[in-house]
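A.B. asks: Every position in the sequence shown, counted from 1, becomes a number in my numbering once 11 is added.
Every residue, glycine too, gets a C-beta built ideally from N, C-alpha and C.
Have a look at the structure that comes next, please.
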Amino acid sequence: MSQAPDRSPLQAVKGMNDILPPDSARWEWFEDCARRVMQRYRYAAIRTPIVEPTALFVRGIGEVTDIVEKEMYSFEDSMNGDRLTLRPEGTAGVVRAAVEHSLLYDGGKRLYYLGAMFRHERPQKGRYRQFHQVGVEALGFAGPDVDAEVILMCRMLWRELGLVEGRDLWLELNSLGQPAERQLHRAALIEHFERHADLLDADAKRRLHSNPLRILDSKNAAMQPVIEAAPKLADCLGAESLAHFDAVRSMLDAAGLPYRVNPRLVRGLDYYNHTVFEWVSDRFGAPLTVGGGGRYDGLVEQLGGKPAPGVGWGLGVERLLLLLEVAGVVVPPPVPDAYAVLPDAAALPQALPVLEALRALGVSVQMHAAGRDGQGSMKSQFKKADASGARYALVFGADELAQGMVAVKPLRTEGQPVPQELRPIVEAGVWGGELLRS
Ligand code: HAM
12 MSQAPDRSPL QAVKGMNDIL PPDSARWEWF EDCARRVMQR YRYAAIRTPI VEPTALFVRG
72 IGEVTDIVEK EMYSFEDSMN GDRLTLRPEG TAGVVRAAVE HSLLYDGGKR LYYLGAMFRH
132 ERPQKGRYRQ FHQVGVEALG FAGPDVDAEV ILMCRMLWRE LGLVEGRDLW LELNSLGQPA
192 ERQLHRAALI EHFERHADLL DADAKRRLHS NPLRILDSKN AAMQPVIEAA PKLADCLGAE
252 SLAHFDAVRS MLDAAGLPYR VNPRLVRGLD YYNHTVFEWV SDRFGAPLTV GGGGRYDGLV
312 EQLGGKPAPG VGWGLGVERL LLLLEVAGVV VPPPVPDAYA VLPDAAALPQ ALPVLEALRA
372 LGVSVQMHAA GRDGQGSMKS QFKKADASGA RYALVFGADE LAQGMVAVKP LRTEGQPVPQ
432 ELRPIVEAGV WGGELLRS
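Structure (structure tokens):
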């Protein structure tokens, strides 16, 4: 006897969201905005796979980071035993692709991407297991000018989106210097924390020798005094690092972009050197980072390429959309130019070619779709036309059709002449040239 098929409803994986209309329109509006800004700075799109070899992230992000230690979706390919991971971020994959395809052979490349990332974190508002980033990576440029460029790009995006720096979010900036300087600092930190080992919690003790820098990130209130007293990286930076940081700062100053230097800003990925930054908002109650990035001059070489510098950022799309909401930014909902009212299905053979011709001219037209019981009353069709947000109803009524006419009824703006977006109908003579009336 065969078993009854399982028809129980299925659900999305926890922490992974469907993006449904009308919300999906806000996503598209945001993505269009971001693409426009990135293209204005001459960044070109790159698309890399969502699944990469696990080793890419272990080598790229760093073995002793939260992401690699506990947040990656890693699995074995059951076909061939390969160790694979759903990308938790975009930088490592972009650098791998640049090395694999020798993208830097004729000079630097400015790249951008938009896409889903995966981290096994505890889901909450603004934190998901599948989330989306828009990111840029400028590869092959060593100068502080490009650090300033990528940061200013963010400001341009905020302005396009209708966010206000200083009110909705602000920039935090730090320099992590060079690896040798960080070694010095690291040794000084270990010495300091060893001297105060009795004040450290278990997590800090575990990290003491593997990644003492991350102890500085601890939220444990009891440890704040010992963290406060720890040696500062800024005191270990040499002349070159200081000059790079000063140059970035003076370019941001010249561009009129305020920032807070935060010596505690270390970021959660190991590939950074020199400039690091985060965009933080406190419009959610507690401060929330909506994006971050920095310079990573060692990563290309670390992933097998000829040494080449890099700098970039990643912004959390969900977090920015939440920020737009709390900041009261109104995203215009997409509305059709016109809604086709069809009192009788008999009008369809005449109406459909008109609608097709209008769409071919770039006019967006929503057609009234028949239900099981036919077209529905004129009243209900006009109600739907109104709810669609369309500015005009095109009425294919029997009387109009008998006279060879389509009535254009303004739904929003009474008594206006035939609007610009409907001009093509008139100009192209879609309906016999003179048969429209408004
Ligand atoms: P990240 O700081 O790990 O940097 O992530 C960038 C942004 O992604 C965060 O500021 C946050 O807005 C968002 N984000 C991260 N995790 C989640 C999550 N679980 N749910 C929702 N949003 C999240 C990077 O990923 C680097 N690749 C950035 C970069 C590019 N640095 C240089 N180039």
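Between ALA240 and LEU163, which are expected to be in contact by the criterion C-beta below 8 Å, what is the C-beta distance as a whole number of angstroms?
C.D. replies: The Cβ separation is near 36 Å, so there is no contact.
A.B. asks: Note down the Cα distance separating LEU95 from GLU192, rounded to an integer number of angstroms.
C.D. replies: Taking the straight line from one Cα to the other gives about 34 Å.
A.B. asks: Based on Cα-Cα distance, which residue from ALA23, ILE57, VAL79 lies nearest to GLU6?
C.D. replies: Since the first and last residues shown for the chain are 12 and 449, residue 6 lies out of range.
A.B. asks: Go through its chain and collect everything with a Cβ distance to ARG225's Cβ below 6 Å, but skip five positions before and after it.
C.D. replies: Closer than 6 Å at Cβ, skipping near neighbours: ARG218.
A.B. asks: On the CB-based measure, 16 or more other CB atoms within 10 Å of its CB, does LEU244 come out buried or exposed?
C.D. replies: Buried: at least 16 other Cβ atoms inside 10 Å.
A.B. asks: With three or more beta-carbon pairs closer than 8 Å as the criterion, would you say the segment 283-293 touches the segment 177-196?
C.D. replies: Contact holds: three or more Cβ-Cβ distances are below 8 Å.
A.B. asks: Taking Cβ to Cβ, would you say LEU331 is nearer than 8 Å to PHE41?
C.D. replies: The answer is yes: Cβ separation under 8 Å.
A.B. asks: Under DSSP, the alpha helix (DSSP H) around ARG170 begins and ends at which residues?
C.D. replies: Where ARG170 is concerned, the enclosing alpha helix (DSSP H) stretches over 155-172.
A.B. asks: For the segment 223-237 and the segment 196-204, state whether three or more C-beta atom pairs, one from each stretch, are separated by less than 8 Å.
C.D. replies: With a cut-off of 8 Å, the segment 196-204 and the segment 223-237 count as touching, because enough Cβ pairs lie within range.
A.B. asks: Verify whether the separation of the beta carbon atoms of VAL328 and ALA319 is less than 8 Å.
C.D. replies: Result no, Cβ atoms of VAL328 and ALA319 do not sit closer than 8 Å.
A.B. asks: Have a look at TYR124 and HIS143 and give me their C-alpha separation to the nearest angstrom.
C.D. replies: Going by the C-alpha atoms only, they are around 10 Å apart.
A.B. asks: Identify, in the order they occur along the chain, each residue of the same chain with its Cβ nearer than 6 Å to the Cβ of VAL237, setting aside the five sequence neighbours on each side.
C.D. replies: Taken in chain order, the residues that qualify are HIS207, LEU210.
A.B. asks: What residues are listed by DSSP as bridge partners for GLY71?
C.D. replies: Paired residue(s): none; GLY71 is not in a bridge.
A.B. asks: Give a yes or no on whether the C-beta atoms belonging to ALA149 and GLY323 are separated by under 8 Å.
C.D. replies: Cβ atoms of ALA149 and GLY323: closer than 8 Å.
A.B. asks: Helix, strand or coil for ARG138, going by three-state DSSP, please let me know.
C.D. replies: DSSP places ARG138 in strand when its eight states are reduced to three.
A.B. asks: Could you tell me how far apart the beta carbons of PRO364 and GLN386 are, in whole angstroms, since I believe they sit closer than 8 Å?
C.D. replies: That pair is no contact at about 18 Å.
A.B. asks: Please determine, among GLU100, THR102, PRO99, PRO64, the residue with the shortest C-alpha to C-alpha distance to GLU87.
C.D. replies: Checked all of GLU100, THR102, PRO99, PRO64; the closest Cα to GLU87 is PRO64.
A.B. asks: Helix, strand or coil: how does DSSP classify GLU445 here?
C.D. replies: Confidence at GLU445 is low in this model, with a pLDDT of 39, below 50, so its placement is unreliable and no value can be given for it.
A.B. asks: Can you tell me where the beta strand (DSSP E) with SER89 in it begins and where it stops?
C.D. replies: Taken as a continuous stretch (DSSP letters only), SER89 belongs to no beta strand (DSSP E), as it is neither H nor E.
A.B. asks: For PRO99, does the count of other Cβ atoms within 10 angstroms reach 16, so buried, or fall short, so exposed?
C.D. replies: By the 10 Å Cβ count, PRO99 comes out buried.
A.B. asks: What three-state label does DSSP hand ARG133 in the structure shown?
C.D. replies: In this structure, ARG133 counts as coil in the three-state DSSP scheme.
A.B. asks: Assuming LEU422 and ALA404 make a contact with CB atoms under 8 Å, what is their CB distance in whole Å?
C.D. replies: Going by Cβ atoms, the distance from LEU422 to ALA404 rounds to 6 Å, so yes, they are a contact pair.
A.B. asks: Taking the alpha carbon of ASN185 as the point to measure from, which residue in VAL259, LYS120, PRO242 has its own alpha carbon closest?
C.D. replies: Checked all of VAL259, LYS120, PRO242; the closest Cα to ASN185 is VAL259.
A.B. asks: Go ahead and label ASN91 buried or exposed: buried means 16 or more other beta carbons lie within 10 angstroms of its beta carbon, across all protein chains shown.
C.D. replies: Exposed, since its Cβ has fewer than 16 Cβ neighbours within 10 Å.
A.B. asks: Between which two residues does the alpha helix (DSSP H) holding GLY323 run?
C.D. replies: Taken as a continuous stretch (DSSP letters only), GLY323 belongs to no alpha helix (DSSP H), being part of the beta strand (DSSP E) at 321-327.
A.B. asks: For the alpha helix (DSSP H) holding LEU195, just list the boundary residues, first then last.
C.D. replies: LEU195 -> alpha helix (DSSP H) spans 190-206.
A.B. asks: Quick one: is TYR116 buried, meaning 16 or more other Cβ sit within 10 Å of its Cβ, or exposed?
C.D. replies: So TYR116 ends up on the exposed side.
A.B. asks: Apart from the five residues just before and just after ASP281, which ones in its own chain have a Cβ nearer than 7 Å to its Cβ?
C.D. replies: Excluding positions up to five away in sequence, the list reads ILE72, GLY73, THR76.
A.B. asks: If we count the other Cβ atoms within 10 Å of its Cβ and call it buried at 16 or more, is PRO155 buried or exposed?
C.D. replies: The residue is buried, with at least 16 neighbouring Cβ atoms inside 10 Å.
A.B. asks: Could you say which of GLN141, GLN361, LEU122, ALA338 lies nearest to PRO30 if we only look at CA atoms?
C.D. replies: In the sequence under discussion, the amino acid at residue 30 is Ile, which differs from the Pro named in the question. Ranking GLN141, GLN361, LEU122, ALA338 by Cα distance to ILE30 puts GLN141 first.
A.B. asks: With a CB to CB cut of under 8 Å and the five nearest residues on each side skipped, what residues in its chain are close to PRO60?
C.D. replies: So the qualifying residues of the chain are ARG98, GLY104.
A.B. asks: Work out the CA separation of LEU366 and ASP228 for me, nearest whole Å.
C.D. replies: One C-alpha to the other measures close to 60 Å.
A.B. asks: Tell me, which residues are paired with TYR123 by DSSP?
C.D. replies: TYR123 is bridged to ALA56, VAL147.
A.B. asks: May I have the straight-line CA-CA distance separating LEU122 from TYR54, to the nearest angstrom?
C.D. replies: The straight-line gap from Cα to Cα measures roughly 5 Å.
A.B. asks: Short of 6 Å in beta carbon distance, which residues of its chain neighbour LYS317, apart from the five on each side in sequence? Order them along the chain.
C.D. replies: Nothing meets the Cβ criterion.
A.B. asks: On the DSSP letters alone, give me the boundaries of the beta strand (DSSP E) that SER186 sits inside.
C.D. replies: Here the beta strand (DSSP E) through SER186 covers 181-186.
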